[in-house]
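Residue numbers (my numbering): 23 to 732. Each remark here refers to the structure printed beneath this line.
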């Protein structure tokens with residue numbers, strides 16, 4: 023990472039994130055092994071090698087691939103347990119009965135005919151050539167063959183093999199995290215790609231570090247990422263080899279010098295890039311291939327963006343946003359991703375040590391500031407982003423409508439101000455200009471005249487003519503800017519170079535950012551700042567030069583953030599290798615005309631427990647319907663016509679208490695909703711969610727009922 027995204031308004035680099043002068047020395051004591059699920063920490067590299075060599079077969083979108091055992095797409099017809107066990111027992115008793123009858127001669131001696139035809143006469147009788155012992159063995163051997171034949175027949179009839187597979191085999195199954203032996207040419211711990219490319223010395227160094235416990239999952243992912251840079255031509259083979267030979271598993275470090283997070287709460291697999299969120303419930307509403315499997319997300323799914331809706335306390339932050347933020351921070355340490363996490367102060371989005379930049383807006387102890395103009399030097403670009411943040415929620419949410427008038431008003435002020443002062447205005451200065459204060463306007467006009475900026479003078483004249491006229495949006499913009507011109511924000515959004523503003527232009531680098539919003543007492547300002555970050559994010563990722571780095575914005579509580587321009591920006595993120603994660607308490611926090619476009623623009627949609635029927639209806643519509651098999655069962659009473667039949671029916675009624683009936687079953691194909699609004703509102707247990715997935719390749723998974731606690 024060449025920079026951390028902190029720069030002043032003039033584009034020069036300010037004080038960077040503290041980082042070591044060089045790579046940290048390899049510690050004398052081995053670092054802790056990777057957190058392989060279910061594996062205890064060991065002093066050597068056994069845990070890491072076990073984790074690295076574990077099977078990860080290809081699977082459907084959202085399946086936790088670590089140790090996954092694929093299941094058939096369709097559920098096999100399974101005999102009920104009671105019927106299976108009773109059939110096996112009856113078959114055994116029948117076989118035993120047949121053998122007893124044969125042994126006691128109740129069925130005759132015909133079963134000795136094959137013995138008489140095959141065995142020589144000299145082997146029979148007590149005075150045979152084999153002697154008494156040999157003759158006994160011959161006769162007992164034949165009886166044993168007959169007994170085995172009867173047993174095989176009983177086993178086939180009683181389905182003993184199915185009983186063994188269902189009830190015995192699972193008890194001897196190896197745990198999923200147990201190490202599997204890989205062939206040398208397929209062993210990922212051997213780094214065979216490096217050997218094939220002529221970097222055998224580097225491969226040997228990495229293999230040795232892995233065996234001695236000096237490497238863990240982040241190191242492996244980071245070095246694999248660096249090797250991909252060599253293959254694509256971004257780095258030279260000599261530079262890569264030299265770094266590995268010098269530092270081993272600590273080579274190619276993140277600029278922060280960190281090799282892991284301070285703590286992990288979720289289960290991660292950096293080989294596949296997944297983080298496990300829960301377990302897909304073994305429910306008939308879930309496809310059979312997904313039942314009982316782990317549910318995991320990665321950049322391949324987050325690249326289509328995710329919206330999660332659920333009331334307060336349903337687990338949006340703790341079970342969705344926090345694990346995803348943790349995963350993306352690990353990806354950033356591996357050089358794979360840039361992440362920006364936005365939420366209320368104290369929302370539990372991870373410790374400050376897990377991030378490179380922490381912006382605490384409204385907290386005077388904050389080390390970093392937020393660039394109000396997104397690091398842009400173009401007045402028109404800065405005006406468009408700022409207008410979206412200020413009044414984007416006031417734009418008419420219909421196709422074709424936007425905030426172009428507000429953009430024009432801001433551009434008429436930002437352009438002249440930058441031409442005179444060499445920077446954009448601060449919040450108080452911008453408020454004065456929007457309010458039409460005579461002093462700042464006169465000073466700005468004089469500066470433009472002295473600089474000979476005739477075109478910008480015309481812009482300023484047009485702004486003065488529009489002020490006070492009906493329909494002028496300058497007053498609305500001024501009122502919105504006034505929300506930021508409060509004592510709590512004094513010293514923030516500085517443009518004079520006195521602070522350390524963070525800009526989302528830094529998303530070209532694997533940076534980890536957390537932005538704390540001052541929701542307590544400043545709810546309107548917080549929503550406006552959230553819109554600002556989202557607008558800057560969508561604008562920045564669209565112009566990145568290196569799109570191999572995945573960029574993701576996690577916005578905890580997107581109330582008032584979804585606007586027509588925001589929806590259009592989200593639709594463009596997939597092509598830029600970026601995505602957003604939005605959480606909402608209810609879809610009522612989104613304007614009615616935008617709910618359908620929002621759910622359509624995001625490829626992953628999550629409905630948590632406690633959803634209202636009205637929100638459930640929106641999800642039911644976007645998930646659509648499917649053809650399913652409906653079974654209609656009809657019971658028809660049997661009428662006896664003969665005296666004997668009537669007597670039998672009367673006896674049956676006395677014993678069972680029910681009249682004799684005949685059951686008729688009708689099977690037909692019907693089209694039904696995958697999940698109805700009522701099921702989403704009342705059929706999702708606490709701690710569960712219904713989640714549909716789409717990856718960047720277009721493969722999708724139907725709505726799945728997931729236990730977020732598993």
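For every residue, glycine included, the Cβ atom is placed at its ideal position computed from N, Cα and C. Remember, it's a predicted structure, so these values are computed and weren't measured experimentally.
Check	Outcome
Anticipated Cβ contact below 8 Å, residue 553 with residue 411, distance rounded	5 Å
The segment 513-528 touching the segment 458-477, judged by at least three CB pairs closer than 8 Å	no
Every unbroken alpha helix (DSSP H) within the segment 380-465, with a cutoff of 4 residues, ordered by chain	401-413, 426-443 and 449-457
Neighbour-count burial assignment, residue 390, 16 or more Cβ in a 10 Å radius	buried
Pick from 658, 270 and 187 that is closest to residue 225, judged by C-alpha positions	270
Cα-Cα separation between residue 325 and residue 599, rounded to whole angstroms	6 Å
Within the segment 245-306, ranges of the alpha helix (DSSP H) (whole runs, at least 4 residues)	259-269
Anticipated Cβ contact below 8 Å, residue 13 with residue 114, distance rounded	Here the chain has residues from 23 to 732 only, and residue 13 is not among them.
Same chain, Cβ closer than 6 Å to residue 216, five either side skipped, listed in chain order	224 and 225
Inter-stretch contact (C-beta, 8 Å, three-pair minimum) for the segment 331-338 and the segment 507-525	no
C-beta atoms of residue 624 and residue 594 nearer than 8 Å	no
Buried or exposed by the 16-neighbour rule on C-beta atoms within 10 Å, applied to residue 126	exposed
The segment 256-265 contacting the segment 354-371, beta-carbon criterion three pairs below 8 Å	no
Start and end residues, beta strand (DSSP E) containing residue 724	722-729
Cβ neighbour criterion (16 or more within 10 Å) applied to residue 659	exposed
Close-in-space but distant-in-sequence residues of the same chain around residue 549 (CB under 7 Å, 5 per side omitted)	581, 582 and 583
8 Å Cβ cutoff met for residue 359 and residue 240	no
Any 3 or more C-beta pairs closer than 8 Å across the segment 283-294 and the segment 81-90	yes
Environment of residue 213 [buried if 16+ CB atoms lie within 10 Å]	buried
The segment 476-484 in contact with the segment 537-551 per 3-pair CB rule at 8 Å	no
Best match in 283, 248 and 462 for proximity to residue 274 [C-alpha to C-alpha]	248
Sequence-distant residues of its chain with Cβ nearer than 8 Å to residue 117 (five each side left out)	172, 173, 175 and 176
Collapsed DSSP secondary structure at residue 3 in the structure displayed	Coverage of the chain is limited to positions 23 through 732, which leaves residue 3 absent and any answer about it impossible.
Cβ-heavy atom distance, residue 531 to the ligand NAD, below 7 Å	Annotation note on the ligand NAD: not contained in the displayed structure, which lists no ligands.
Identity of the residues DSSP links to residue 605 by a beta bridge	330
CA-to-CA distance, residue 613 to residue 621, given in whole angstroms	12 Å
Residue 601 to residue 250 span [Cα, whole Å]	22 Å
Any 3 or more C-beta pairs closer than 8 Å across the segment 379-398 and the segment 533-540	yes
Validate contact between the segment 340-355 and the segment 276-284 using beta carbons, cut 8 Å, 3 pairs	yes
Classification of residue 684 by the beta-carbon crowding that lies within 10 angstroms, buried from 16 upward	exposed
Beta strand (DSSP E) segment containing residue 360, residue limits	359-366
At least three beta-carbon pairs within less than 8 Å, the segment 625-645 to the segment 711-719	yes
Secondary structure of residue 507, DSSP reduced to three states	coil
Same chain, Cβ closer than 8 Å to residue 639, neighbours up to 5 away in sequence not counted	699
Straight-line Cα distance separating residue 277 from residue 43	For residue 43, the predicted model reports a pLDDT of 30, less than 50, meaning its position is unreliable and no value from the coordinates is stated.
DSSP three-state assignment for residue 647, whether helix, strand or coil	strand
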